[in-house]
Every structure is written in C-alpha cells, then in structure tokens.
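Chains A and B, in that order, are what the protein sequence lines are. The first sequence begins at 388 in my numbering and counts up one residue at a time. The second sequence begins at 476 in my numbering and counts up one residue at a time. Glycine included, C-beta positions come from ideal geometry on N, C-alpha and C. On a predicted model such as this, the values are computed, not experimentally measured, just so you know. What follows is one structure encoded as structure tokens, with my remarks underneath.
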Amino acid sequence: GAVVSQHPSRVICKSGTSVKIECRSLDFQATTMFWYRQFPKQSLMLMATSNEGSKATYEQGVEKDKFLINHASLTLSTLTVTSAHPEDSSFYICSARDAVSYNEQFFGPGTRLTVL
Amino acid sequence: AQSVTQLGSHVSVSEGALVLLRCNYSSSVPPYLFWYVQYPNQGLQLLLKYTSAATLVKGINGFEAEFKKSETSFHLTKPSAHMSDAAEYFCAVRFSGGGADGLTFGKGTHLIIQP
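Pasting the structure below:
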C-alpha cells in the first residue's frame, strides 16, 4: 500500500528558532501533498495544499511567511516553521495523493513539535 | 457553509456490544466520505471510504458505514466491539467542486470500550 513517512517524529526547539519537517511518499509519486495541524484532543485542520513544482495554497488564517512549504519533488514536501513560538507547539501531519487515487489521501505518522 | 458534524465527543460501549459513531455533513452535492482511526500519538489510518459506488461500505477491522444521501449521513458501525477498538475516530469529507482540495474533518469521537 501507499506509505508516507515524516521526519522527525518528535522535535523540541527553543522559541525563535526554525524547524523543518519532512514528508515523503515512499512508494508512489505524490502529485499533491497536504499539511494538517492538530492541537491536543482536537481535530485536524488543513493548513495548506501543495502541488509539485508550484507554490502552496494556504488556508485562511494560516500565515504563509511563518509556515513555509516546499514541494520540490514528487516524493518530498517540507514544512518549515519559522521563528517558532510556544503557540506553534502542535502535532503536524502530512498527507499525500497521487494522480491515480485522486480521492484518497495517505497520511504520515505525524510530527510532534514542542517549542519551549 | 460545508461542514462535518460528529455527534458525541465520547462514546462508551461494552466489549461485544454494537458500536455506532455518527457523522453528518452539510453539502448540496454528495461528497467523498472517509472514516479514519487515530491511536494516541500516531497518524491516521483509513478505515473505509465512500466514493459514489456502493452506499454500504465495508472497511478494515470489521467496520462498515452506510451513506444515506437523504439524511446526509455516513455513520460508522461495528457489530461487536473489541478492546483494541478503543481510539479516536474521525469522519472526513472531501467536498466536490471548488473550494479546498483537502479534507474537512469532524471534531472526532473518542471510543471507549468497557470490559
């Protein structure tokens, strides 16, 4: 089946630093990748959609300068949280979709970000 | 506005009992519907999906869901609960036509299994 990995699984950083999270599709080409954010005991909220080779589309209320998304290849998307603050602490989950299973997204295991 | 509603943030059933988790959506056009399960500190695992084929969808681990257009519902059921079913369950929708291409999730239902 389609497998999506994320790295790192957990990261702790100091306030003001930047953190990069990688999302990889291991056995398929991801034409579209999505980034979600999940606060403790809450649902997932879509942050942005990225298509390979083009700029990401951000959801309303998501700061594009703070959450930099790069989808440079068909198997890799990165989310960089710039100048992280404690309120950015959350569980970040990516998903990927290929051109065949257009209506299904395959989710990564998530990255727990803690900003001190 | 298009939305997804899961009734009941917590559902508790006895082991061996019927599991029923409710999901309703608001949309004039039938969307694509999904149920996911999430165990603590893990990502999402797809249980089943409806993509305009059969209205009764069978998924993994004995779960199934029925799409009812007239009720705009996609409730998840399992005839006999197992202790390993204890987890967070999310109903998700991909709305057709325009708007966001990602999934809209319900708030989730925490399933508790009583021994």
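| Check | Outcome |
| --- | --- |
| Cβ-heavy atom distance, Glu491(A) to the ligand HEM, below 6 angstroms | This structure simply doesn't include the ligand HEM, nor any ligand for that matter. |
| Residues in the stretch 535-552 of chain B having any Cβ partner in chain A nearer than 8 angstroms | none |
| Secondary structure, beta strand (DSSP E): runs of 3+ residues fully inside the stretch 419-491 of chain A | 419-425, 431-438, 454-460, 463-468 and 477-484 |
| Neighbourhood of Leu531(B) by C-beta distance below 7 angstroms, restricted to the same chain and skipping five residues each side | Glu539 and Glu541 |
| Inter-stretch contact at 8 angstroms, needing at least 3 Cβ pairs: the stretch 492-502 of chain B / the stretch 516-534 of chain B | no |
| Residue closest to Gly577(B), alpha-carbon to alpha-carbon, out of Thr404(A), Asp414(A), Arg411(A) and Asn438(A) | Asn438(A) |
| Pair within 7 angstroms by beta-carbon distance, Phe509(B) and Ala562(B) | no |
| Contact between the stretch 471-490 of chain A and the stretch 541-553 of chain B (3+ Cβ pairs under 8 angstroms) | no |
| Under 8 angstroms by beta carbon: chain A residues contacting Lys582(B) | Gln429 and Ser430 |
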